[in-house]
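Student:
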Amino acid sequence: MITEAVRNNAEWCETMCRAHGRPGAFGPRTWTSGRRTPPYYPDAVTLTADASVRDVLDGIDRDTPGASVKDSFARLDLADEGFRLLFEARWIHRPAGLPLPPPIASWRPVRAPEELAAWAAAWSGDAPDEAALFRPELLADPATRVVAGYGTDGRIVGGAVLSDSGPVTGLSNLFAAEGTDPADVWTGCLGLVDDGVPAVGYESGDDLAPALSVGFEEIGPLRVWLDTGA
Numbered sequence: 006m007i008t009e010a011v012r013n014n015a016e017w018c019e020t021m022c023r024a025h026g027r028p029g030a031f032g033p034r035t036w037t038s039g040r041r042t043p044p045y046y047p048d049a050v051t052l053t054a055d056a057s058v059r060d061v062l063d064g065i066d067r068d069t070p071g072a073s074v075k076d077s078f079a080r081l082d083l084a085d086e087g088f089r090l091l092f093e094a095r096w097i098h099r100p101a102g103l104p105l106p107p108p109i110a111s112w113r114p115v116r117a118p119e120e121l122a123a124w125a126a127a128w129s130g131d132a133p134d135e136a137a138l139f140r141p142e143l144l145a146d147p148a149t150r151v152v153a154g155y156g157t158d159g160r161i162v163g164g165a166v167l168s169d170s171g172p173v174t175g176l177s178n179l180f181a182a183e184g185t186d187p188a189d190v191w192t193g194c195l196g197l198v199d200d201g202v203p204a205v206g207y208e209s210g211d212d213l214a215p216a217l218s219v220g221f222e223e224i225g226p227l228r229v230w231l232d233t234g235a
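Each position in the sequence shown, counted from 1, maps to that position plus 5 in this note's numbering.
Laid out in structure tokens, this is it:
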């Protein structure tokens, strides 16, 4: 299942980069972008456990500061190449068919640009530069669903991105508004995953526990490396 989770996440990275006019390329062992990717998105993702340092670095731009690498199997050591370990996380998987409690909000996909703008503002905490990451082009991608939960007052209480890749659906960019239990957001998002399809993603730190509380299990480690420019 970890291979499906990795591929799903790489496809979501490609979708985000394509929405910004910066498509990457899939190879046999890596996905890479020859141009600097949007904020928070890696310049390379390893797709197989045997991906090498050269598989990763030969496909990315290191002349522009800030290159990052998602080491999906936590196998690479990029310290000698001038990178530092940015963070570690765990891939997670939730089997299809597990029961869910009723959602506490009204959950539905975001379909219009103005709805996406409101979602992005909620996701970013009203930070315009970060909200601009989510462009209307994402709404035209058939494999991507931006979803939001709305309270009785119409306020967005949480949201996420669902990325469909055939065998699995990935959940990313999940957020909970102040006063909303993150586990309730996971529940609401999972209610929009197609029946019979497992859910995958990755989390770290305090964000991992709410996912595990709704039926996800840890399936492997990952690391993200950042180029120090040294």
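For every residue, glycine included, the Cβ atom is placed at its ideal position computed from N, Cα and C.
Short of 6 Å in beta carbon distance, which residues of its chain neighbour residue 20, apart from the five on each side in sequence? Order them along the chain.
Tutor: 146, 149
Student: State buried or exposed for residue 228, treating a residue as buried only when at least 16 other CB atoms are found within 10 Å of its CB.
Tutor: So residue 228 counts as buried.
Student: Measuring alpha carbon to alpha carbon, tell me which residue in 225, 233, 39 is nearest residue 10.
Tutor: Closest by alpha carbon: 225.
Student: Can you list, in chain order, the residues of its chain with a C-beta nearer than 8 Å to that of residue 180? Leave out the 5 residues immediately preceding and following it.
Tutor: For residue 180, same chain residues with a beta-carbon under 8 Å away, outside a window of 5 residues either side, are 127, 128, 163, 164, 165, 190 in chain order.
Student: How many Å lie between residue 89 and residue 178 at the Cα?
Tutor: 23 Å
Student: Count Cβ pairs between the region 55 to 65 and the region 73 to 83 that sit closer than 8 Å; are there 3 or more?
Tutor: yes
Student: For residue 58, does the three-state DSSP call read helix, strand or coil?
Tutor: helix
Student: Which stretch, first to last residue, makes up the alpha helix (DSSP H) that contains residue 233?
Tutor: Secondary structure note for residue 233: it is in no alpha helix (DSSP H), with a DSSP letter that is neither H nor E.
Student: Can you give me the start and stop residues for the beta strand (DSSP E) that residue 134 sits inside?
Tutor: Element bounds for residue 134: not the beta strand (DSSP E) but the alpha helix (DSSP H), 133 to 136.
Student: Assign residue 95 to buried or exposed, taking buried as 16 or more other Cβ atoms, counted over all protein chains shown, within 10 Å of its Cβ.
Tutor: buried
Student: Assuming residue 37 and residue 29 are in contact, meaning their beta carbons sit under 8 Å apart, how far apart are those beta carbons, in whole angstroms?
Tutor: 6 Å
Student: For the beta strand (DSSP E) that contains residue 101, what are its first and last residues?
Tutor: Run containing residue 101: none; DSSP gives neither H nor E here.
Student: Grouping DSSP H, G and I as helix and E and B as strand, with all else coil, what is residue 181?
Tutor: strand
Student: Excluding sequence positions up to five away, which residues of its chain have a Cβ less than 6 Å from the Cβ of residue 6?
Tutor: 98, 224
Student: Residue 141 and residue 118 - do their beta-carbons sit closer together than 8 Å?
Tutor: yes
Student: Helix, strand or coil: which one does DSSP assign to residue 38?
Tutor: coil
Student: When we look at the beta-carbon of residue 48 and count the other beta-carbons within 10 Å, is it buried (16 or more) or exposed?
Tutor: With 16 or more other CB atoms across the displayed protein chains lying within 10 angstroms of its CB, residue 48 is buried.
Student: Assuming residue 209 and residue 78 form a contact by the criterion Cβ under 8 Å, report the distance between their Cβ atoms to the nearest whole angstrom.
Tutor: Incorrect: roughly 16 Å between the Cβ atoms, too far for contact.
Student: Which residues does DSSP pair with residue 204 in a beta bridge?
Tutor: As DSSP reads the structure, residue 204 sits in a beta bridge with 99, 174.
Student: Can you tell me the Cα-Cα spacing of residue 56 and residue 81, whole angstroms?
Tutor: 8 Å
Student: Bridge partners of residue 187, per DSSP?
Tutor: DSSP lists no partner for residue 187.
Student: Sorted by chain position, which residues of the same chain lie with C-beta nearer than 7 Å to residue 198's C-beta, five sequence neighbours on each side aside?
Tutor: 167, 174, 204
Student: Would DSSP call residue 145 helix, strand or coil?
Tutor: helix
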